[in-house]
Amino acid sequence: MEWTKDPSHGDYASNVAMIIASQNRKNPREIAKILSEGIDDSGQVLEKVEIAGPGFLNFFIREGCWSSLLKTVDSEGDRYGSAGFGNGRRIQVEFVSANPTGPLHIGHARGAVVGDVMANILAAVGYDVFREYYINDAGNQMNNLGKSVLLRYRELLGRTEDFPEGCYKGDYIRDLAAELLKRDGERYLDRDDQEAIPLLTAYAGGAILEGIKKDLLAFGVVFDLYFSERELYREDGVGSLLRTLQEKDFIYSEGDALWFRTTAFGDEKDRVVVRQNGNPTYFAADIAYHLNKFVRGFETVIDIWGADHHGYIPRMSAAVQALGYEKEALKVILVQLVNLLRDGKPVAMSTRSGEFDTLREVVDEVGKDAARYNFLMRRSDSHLDFDLELAKRQSNENPVYYVQYAYARICSIIRMAAERGLAPPLYGETELGLLKLPEEIELIKAITRFPEVLEGAARTLEPHRLTFYLNDIAAIFHSYYNKNKVISDDGSLTGARLFLVKSIRTVLKNALTLLGVSTPEKM
RNA sequence: GCGCCCAUGGCUCAGCUGGAUAGAGCGUCAGACUACGAAUCUGAAUGUCGGAGGUUCGAAUCCUCCUGGGCGCGCCA
C-alpha cells in the first residue's frame with residue numbers, strides 16, 4: 059500500500075494483485091477484482107475502489123474522513139510521529155571518534171550531525187539509545203602529538219630542531235606549547251624525549267579532547283560516554299580478546315606476527331592483529347572495543363565512519379561474526395567528505411591558510427541551525443558541498459530558513475488569533491469536516507505521513523529523509539498560506555484552520571527537534 | 001591489477017528497496033504585498049535517468065559488459 063502521486067489514481071494504491079498474479083501466473087486484474095470485492099469497509103472510509111492499469115487497486119477516501127487522522131496529532135503532541143517498534147532494545151551509536159590530535163574539522167562535523175540525529179531518530183522509534191565517542195588515545199599518532207608539542211616548546215625556548223614527518227604543524231600546537239611553558243616553566247627542556255613525550259602527550263591529548271567536547275557541545279552534540287582506547291588496554295581488553303580468538307582458533311602465527319583469519323568470514327585477506335614487534339594493531343584494539351560493546355549488552359551497534367574507511371567494513375564485520383554475533387548486529391553508516399566552499403569557490407583545507415575549516419569556526423560563522431540542516435540535505439554517502447556564504451544567507455537559497463519560517467509564520471498566526479481572543483481548538487471542539495480544499499487535504503496527508511517518514515528513516519538509517527520531508531510540508535503550507543486566510547469572519551472555519559495549522563506546527567516542531575535545529579517563534 | 005561506491009534537466013540533488021506520465025531546490029524568463037510575516041507564493045522552459053545488452057506484465061531501481069569519476073587495497077590510525 060502506498061501513497062499515490064497522481065490524484066486520478068486515488069489516495070492510496072496497492073500493487074498486491076500484481077504480485078499475487080505473478081506468483082500464480084494469473085491475470086492480475088482478475089485478482090484485483092476478487093480482492094476489491096472482499097474489502098471490509100465497515101468504517102465507511104472508502105469513496106470507491108478502482109482497478110486500474112495493469113492491476114492496481116486504487117483507493118479513494120471519502121472527503122470527510124481525512125480530518126479524523128488529525129486526532130492523534132492532537133493527543134500525542136510532542137510525541138506525535140514517534141513509535142514503539144524499537145521495543146526498548148539497546149542500541150549504540152558510535153560517532154565522531156576523532157583522535158584527540160587536533161580540533162575537529164568540517165568533515166567531523168558532518169559525521170557528528172549524522173550520528174546525533176540518527177540517535178535521536180532511533181530513540182524516537184523506541185530504541186534505548188547510547189551515544190559513544192571512541193577516543194583513539196593510544197598509538198603512534200598520539201606519540202607524534204606529544205613530540206610535536208615538545209618540539210614547539212623547545213622552539214619557544216630558543217632550541218630549534220627539525221620537524222619530522224608525521225608531526226603536527228597546526229598553530230594549535232604552538233598554542234599548547236606556549237600554555238605549557240606558562241604553566242610548567244622550563245622543566246621539560248632538558249628531559250629525555252622518552253620521559254618528556256608521554257607527559258606532553260597526556261597533557262596535549264587531554265587539552266585537545268576538552269576542546270573537542272566544548273566544540274561538540276556548541277554544536278548541540280552530547281555523548282553518553284567518551285570511551286578511551288588506553289582504558290581498554292589498561293583493563294586487558296585487547297589481551298583477553300586475543301586469547302578468546304586463539305581459543306576459537308581464528309589466530310595463527312606467520313612471519314613473527316599474529317594473524318586473524320578474517321577470510322573465514324568473507325574478508326579478502328587475513329589481517330595482522332599483533333605485529334612482529336609484539337604490539338597489537340589498531341584493528342586488534344578496535345575488535346576488542348566492539349566486543350566490549352556487545353558484552354555491555356548492546357544488541358545492535360552502529361558505527362559512523364568517514365567513507366574513506368569503507369574498505370575496513372569486511373574485516374570488522376568478520377571480527378563481529380568470529381566473536382559469535384550476527385552480521386546484522388554491526389551496522390556501518392558511511393559519511394562522505396564535505397567540500398567546503400565560499401561563494402562557490404573551494405576553501406583551502408589547510409590549517410595554515412587561516413581560512414575556516416574547523417567545526418568551531420564554521421559553527422561560529424554560520425550558526426548551529428544552518429550548519430546542522432545543511433549537513434542533512436544529502437544522503438550521507440554522497441558528497442556534500444557546503445557553502446559558507448549560502449549557509450549564512452537569509453534567503454530562499456537557504457532551506458533551513460524556509461522551514462523555520464513556516465514555523466514562525468504559524469506561530470504568528472496563532473499569536474494574531476490570540477489577540478482576537480481565539481485559541482486553537484482541541485480535536486472534537488471543532489468542525490474539521492470544513493477542511494475540504496485540495497490544499498487542506500494535501501496538508502492533512504502530509505501531516506499523516508510524518509510517522510511513516512520517521513519510521514523509514516529509522517529502518518534505513520537515513521536521516522536525510524527528514525529534511526526532505528520538512529521541505530515538502532513547509533512548501534505545501536507556504537502555498538496554502540498564500541492562497542487562504544486562516545483567520546476570517548467565519549468562526550467555524552477559522553477554528554478548523556487554526557487546528558490544522560497547529561497540527562502542522564506540531565510536526566515541524568517535532569521534526570526540527572529531531573534534527574537538533576531550533577524552532578524560533580519569530581525570525 | 002583487485003574490491004567498494006557513484007553517474008538522473010544548465011548546477012546541486014531526491015526518487016519510499018521493481019510500479020502508473022521520473023520529481024525538488026538553485027539558476028533563467030514572466031508575474032503577485034491597501035489581506036494572518038514577500039526569509040513567501042504563482043506560472044513557463046529544460047531529461048535518449050552515462051552507453052549497450054539481459055531478466056518481466058513493468059527497470060532510474062535487479063544481472064552482465066563497456067565508458068567516465070571517487071575511494072580503498074599498511075605489521076598506519
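Start counting the first sequence at 59; every next residue gets the next number (the numbering used here). Note that CB positions come from ideal geometry on N, CA and C, so glycine has one too.
Taking the Cα positions, Gly-169 is about 16 angstroms away from Asn-194. Sequence-distant partners of Lys-567 (beyond 5 residues in either direction) whose C-beta falls short of 8 angstroms from its own C-beta, in its chain, are Asp-136, Tyr-465, Thr-577. Looking at the backbone, the Cα of Tyr-347 and that of Arg-217 are separated by about 41 angstroms.
Contact annotation: Glu-423 and Lys-403 have beta-carbon atoms that are not nearer than 8 angstroms. In this structure Leu-484 is in contact with Asp-132, their Cβ atoms being roughly 6 angstroms apart against a cut-off of 8 angstroms. Restricting attention to Val-396, Phe-318, Glu-237, the CA atom closest to the CA of Arg-436 is found in Val-396.
Annotated three-state conformation of Phe-323 is helix, per DSSP. Linking Ala-475 to Thr-130 through their CA atoms gives a straight-line distance of about 23 angstroms. Restricting attention to Gly-491, Gly-224, Ala-260, the CA atom closest to the CA of Leu-238 is found in Ala-260. At a Cβ-Cβ threshold of 8 angstroms, Leu-208 and Leu-258 count as neighbours. In the DSSP annotation of this structure, the continuous segment of the alpha helix (DSSP H) that includes Tyr-431 starts and ends at 426-433.
When the Cα atoms are used, Glu-152 and Leu-162 turn out to be separated by approximately 16 angstroms.
In this structure, DSSP gives Pro-222 a state outside helix and strand, which the three-state scheme calls coil. Contact check for Pro-482 and Leu-556: beta-carbon distance about 4 angstroms, within the 8 angstroms limit, so the pair qualifies.
The Cβ atoms of Pro-338 and Val-378 do not sit closer than 8 angstroms to each other. Across the structure, Val-331 and Ala-342 are spaced so that their CA atoms are roughly 5 angstroms apart. Contact check for Glu-305 against Pro-372 fails: the beta carbons are separated by 8 angstroms or more.
Using a 10 angstroms sphere on the CB of Tyr-310, the tally of other CB atoms stays under 16, which defines it as exposed.
In the assembly as shown, Leu-570 is a buried residue. Its beta-carbon has 16 or more other beta-carbons within 10 Å. Membership of Lys-106 in the beta strand (DSSP E) is indicated by the continuous run 104-110. One alpha carbon belongs to Gly-101, the other to Gly-113, and they sit about 25 angstroms apart.
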